[in-house]
Each structure stands twice: as structure tokens, then as C-alpha cells.
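Just below is one structure, and these are the notes that go with it.
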Amino acid sequence: MNILIVGSGGREHAMAWKIKQSPLVNQLFIAPGNAGTSLLGTNLPIGIADFEGIKKAALDHQIDLVLVGPEVPLCEGLHDYFLEDSTLKQVRVVGPQKLGAQLEGSKDFAKEFMMRHQIPTAKYCSVTSATLSEGLAFLKTMKSPYVLKADGLAAGKGVLIIDELSEAEQSLKEMLDGQFGAASSKVVVEEFLSGIECSVFAITDGKDYQILPVAKDYKRIGEGDSGLNTGGMGAISPVPFADEVFMKKVEERIIRPTVEGLQKDQIPYNGFLFFGLISCQGEPMVIEYNVRMGDPETEAVMLRIKSDFVDLLIGAADGTMAHKTIEIDQRTAVAVMLVSGGYPGPYQKGKVIRGLESVENSFAFHAGTSLKDGEVCTDGGRVLAISSYGQSIDEALAVSYKNAQRIDFEGKYYRKDLGFDLQK
33 MNILIVGSGG REHAMAWKIK QSPLVNQLFI APGNAGTSLL GTNLPIGIAD
83 FEGIKKAALD HQIDLVLVGP EVPLCEGLHD YFLEDSTLKQ VRVVGPQKLG
133 AQLEGSKDFA KEFMMRHQIP TAKYCSVTSA TLSEGLAFLK TMKSPYVLKA
183 DGLAAGKGVL IIDELSEAEQ SLKEMLDGQF GAASSKVVVE EFLSGIECSV
233 FAITDGKDYQ ILPVAKDYKR IGEGDSGLNT GGMGAISPVP FADEVFMKKV
283 EERIIRPTVE GLQKDQIPYN GFLFFGLISC QGEPMVIEYN VRMGDPETEA
333 VMLRIKSDFV DLLIGAADGT MAHKTIEIDQ RTAVAVMLVS GGYPGPYQKG
383 KVIRGLESVE NSFAFHAGTS LKDGEVCTDG GRVLAISSYG QSIDEALAVS
433 YKNAQRIDFE GKYYRKDLGF DLQK
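See below:
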């Protein structure tokens with residue numbers, strides 16, 4: 033079969049690497065892809081929100097299955113677009129339709145869904161300009177710190193955690209006044225949950241599901257989880273505290289009620305469910321839903337899936353998940369993200385990357401890279417994920433760090449303390 037991956041990051045390169053291992057695949061295309069994906073398949077110069085361009089590619093290349101990497105095309109209705117076009121009826125799409133994608137596209141929608149289906153999450157209040165007084169009153173009932181979340185997609189930047197009540201009140205007004213554009217025309221005010229976070233992934237056809245390896249990502253730019261938030265500086269899988277007892281609670285209280293809730297609400301859903309969880313003294317709570325795989329978690333998780341990934345994608349698309357099984361590699365896998373100098377603030381692109389050919393015993397998944405005159409150059413804030421196996425977290429990290437030193441580009445930075453909060 034011919035497969036088209038939509039996206040251009042490290043997540044999509046890792047998925048392409050895994051898909052390429054399947055005997056079920058004939059041709060692989062990536063739109064738009066990056067310098068790394070070009071080594072595994074054919075990159076197509078099409079934007080992730082260019083539905084007409086994606087349609088043309090699907091028809092021109094006789095695509096059987098489209099795997100959507102990022103959330104934006106799902107929230108904008110790419111799957112619906114395919115379903116509504118008679119010429120695309122035969123093309124399977126892995127990723128939810130627009131309604132299901134609201135689990136990520138609207139924090140308020142997700143919170144209402146969790147409340148309706150008794151899924152454990154933080155207390156909250158949704159606020160608009162018209163209900164500002166209620167929001168301010170709710171803030172006064174909360175303990176510090178205060179959590180404010182833009183309702184809509186804000187590229188991972190729409191969450192504020194504030195210590196002082198007066199500052200939280202001011203920030204709430206600013207958000208509603210358009211600080212994050214339309215994304216913060218509604219704001220979810222939440223209680224702050226204290227604990228340690230992890231990312232749980234499932235692949236589902238809307239009825240049945242398989243749970244993928246659990247991971248933990250590191251969002252902050254600085255060591256010791258300091259500094260600004262990023263798209264993610266690295267990931268580790270498995271997560272020591274997400275043991276059998278914890279995961280049994282996660283499945284019974286969160287995963288199963290979510291999939292059953294989608295059915296009860298008559299929300300068709302296929303693809304990935306990403307549960308952003310926090311363990312509060314061993315009790316799992318949902319911080320957020322995402323409707324796609326995480327990045328950089330995918331760059332660690334893909335290493336631990338031994339099963340044919342394409343077979344799982346077909347199960348999700350065709351409603352045959354009940355007949356699928358998943359085999360997990362027991363080794364640890366880690367991903368260490370190399371980023372551009374200045375990120376997550378302003379940074380320069382077009383820096384030549386050297387040393388990729390000297391990487392040993394690691395996979396260099398490309399995130400923000402492009403080819404210029406035959407040379408691989410930086411083309412984003414997050415540039416490369418260096419992913420490795422090990423018998424322990426320390427062992428896997430040592431391999432990735434060794435290879436991180438072999439790769440060079442101007443301004444290169446990476447965190448050297450990943451897993452600091454997981455070590456016994």
C-alpha cells in the first residue's frame with residue numbers, strides 16, 4: 033500500500049522510520065517532510081493545511097492511507113474533507129474528524145467531556161468576556177498558583193501559571209482581550225495540580241484500543257525544568273512511576289471511560305489519543321487531551337513498538353482494532369532534542385549541520401531541517417532528536433549524549449539533565 037504522512041517534524045520522521053519497516057508498505061510520501069524524511073520516502077512540497085494540495089497528492093500517488101501527524105489539520109477538518117469528497121472515499125485517514133479533534137482544539141470542550149464521563153481532572157471554570165465577574169470570583173476561591181489556559185490552539189503557548197492573585201486577575205482580562213488571538217476568547221481557569229507528569233498514548237478505532245508505550249517529556253528549556261516552555265526538549269520511555277498498578281488505574285479511570293464516552297456522545301473517532309497525565313501521590317489525573325502523538329515522545333515511543341505499526345494504523349482506520357495486538361520492546365528508549373541558539377525565543381535558520389554521518393548506535397530524527405545545495409541545514413527551533421536504546425535510563429541517555437556531541441551546528445543547545453526527576 034502507499035502511505036502519505038502529513039507533517040514535517042521529528043514525530044513524522046520517527047513515524048516514517050517505523051512505517052518503512054513494514055512489509056505492507058510499497059511507497060511512502062511525506063508532506064512537506066524534512067531533510068530526514070527525504071531519505072525514507074518522497075517529500076512533497078505541500079503545507080499541512082493545504083487540503084486541496086493533499087487531495088491532489090493522494091490521487092496522483094494512489095495513496096491508500098493518510099497518517100496525520102500534527103493537530104492543526106485535524107482540528108481544521110482534514111479527515112472530514114476526505115469523507116465529503118467522493119473521489120477520496122477509498123483513502124483511509126488516521127486521525128479524528130473535526131468534532132473528535134475538539135478534545136484538543138477546545139480546552140472547554142475537553143473539560144465538559146471529562147466532567148460528563150467522570151474522568152478525573154482539576155476543578156475548573158470556563159470564562160468569556162461576558163462571564164468575567166464569575167471567573168474573577170472563581171479565582172478568589174482557588175489557592176495559589178493559578179492556572180489560566182486559552183481555550184483554543186495556541187501552539188503550546190496558551191497556558192499561564194501565576195503565583196499572585198492580582199496578577200492572575202490581570203492576566204485573565206488580558207487573555208480575554210485577545211492576548212492569544214481567537215484562542216483566548218474563552219479561558220479555562222483551573223486548580224493547580226501538584227505531582228509528576230507523564231504522557232500516555234493509545235491508538236483506537238473508536239471502539240477498541242491498544243495502549244502504546246508511556247513516555248515522559250521535558251518541556252522547559254533550562255536544566256532542572258527552569259526557564260521558558262518549549263515544544264519539548266526530550267523524552268524517556270518507559271516511565272518508572274507509571275508501573276502496572278498506576279497503569280491499571282489509568283486504563284480503568286481514564287482510557288476506557290474516554291473511548292466509551294466518545295461512543296456515548298456519538299463522536300466518531302479513530303487515530304491516536306494522547307493523555308497528558310499527572311500522578312498526584314499515585315492517583316492519575318488528566319491535565320489535557322491531545323488527538324495526535326506527542327513530539328518528542330514519538331521519537332522515543334516508536335523505538336519501543338516491535339509490532340508492525342502499519343498493521344495498527346489499518347486497525348484504527350478499518351475498525352479492526354479488536355483483532356490487533358501490540359508487542360513492546362522492554363528496553364528503555366530516550367530522545368534528546370538539539371535546538372537552535374535562542375530557542376524558544378528568536379533564532380536563526382540555515383545553519384549547516386555537520387557530523388550526522390558520525391552518529392553511532394542512535395537514530396537522528398530530523399525535526400527542523402532542510403536541504404540546501406546538498407547540505408543539511410537547520411530550519412526550525414527544534415532541529416534533531418537523538419534517540420537511543422539502553423538497559424536503563426542512564427545507559428540510553430549516555431548513548432544519545434555521546435552522539436549529541438558528535439553533531440555540530442552554530443548555536444546548538446541541548447539539556448544534559450533529562451530524567452533527573454526519575455532516577456532512584
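Counting in this note's numbering, the sequence shown runs from 33 upward without gaps.
We put the beta carbon where it would ideally sit given N, CA and C, even for glycine.
Predicted, not measured: the structure shown is a model, and the values here were computed from it.
- Under the three-state reduction of DSSP output, Ser-231 falls in the strand class.
- If you look at Lys-404, you'll find it in the beta strand (DSSP E) that goes 401-404.
- Apart from the 5 residues on each side of it in sequence, Leu-192 sits with its Cβ closer than 6 Å to the Cβ of Leu-180, Ser-203 in its chain, given in chain order.
- For Arg-288, the three-state secondary structure derived from DSSP is helix.
- Three or more Cβ pairs closer than 8 Å define a contact, and the segment 358-371 meets that threshold against the segment 429-438.
- If you look at Tyr-178, you'll find it in the beta strand (DSSP E) that goes 178-182.
- Here Arg-148 is exposed: its Cβ has fewer than 16 other Cβ atoms, across all protein chains shown, within 10 Å.
- As DSSP reads the structure, Met-369 sits in a beta bridge with Ala-417.
- Phe-278 counts as buried, since at least 16 other C-beta atoms from the protein chains shown sit within 10 angstroms of its C-beta.
- In the DSSP assignment, Asn-261 falls within the beta strand (DSSP E) that extends over 258-261.
- Within the same chain, Ser-40, His-398, Thr-401 come within 6 Å of Asn-66 by CB-CB distance, once the 5 residues on both sides are set aside.
- Within the DSSP bridge table, the entry for Gly-254 names Ser-258 as partners.
- Taking Phe-212 as the centre and dropping the five residues before and after it, the same chain places the C-beta of Ala-182, Gly-184, Ala-186, Lys-189, Gly-190 closer than 8 Å to its C-beta, in chain order.
- Under the three-state reduction of DSSP, Asp-112 is assigned to helix.
- Bridge partners of Met-317 according to DSSP: Ile-310.
- The DSSP-derived three-state label of Gln-423 is coil.
- In chain order, Ser-54 place their CB closer than 6 Å to the CB of Asp-340, counting only its own chain and leaving out the 5 sequence neighbours on each side.
- Residue pairing by DSSP places Ser-158 opposite Val-220 in a beta bridge.
- With a cutoff of 7 Å on beta-carbon distance, Val-318 and Val-221 are scored as not near each other.
- Non-local C-beta neighbours of Gln-295 in its own chain, meaning closer than 8 Å and more than five positions away in sequence, comprise Gly-238, Lys-239, ordered along the chain.
- Beyond the five residues adjoining it in sequence on each side, Pro-289 comes within less than 6 Å, by CB distance, of His-149, Ile-151 in the same chain, given in chain order.
- Cβ-Cβ separation between Leu-120 and Lys-155: approximately 43 Å, too far for a contact (criterion under 8 Å).
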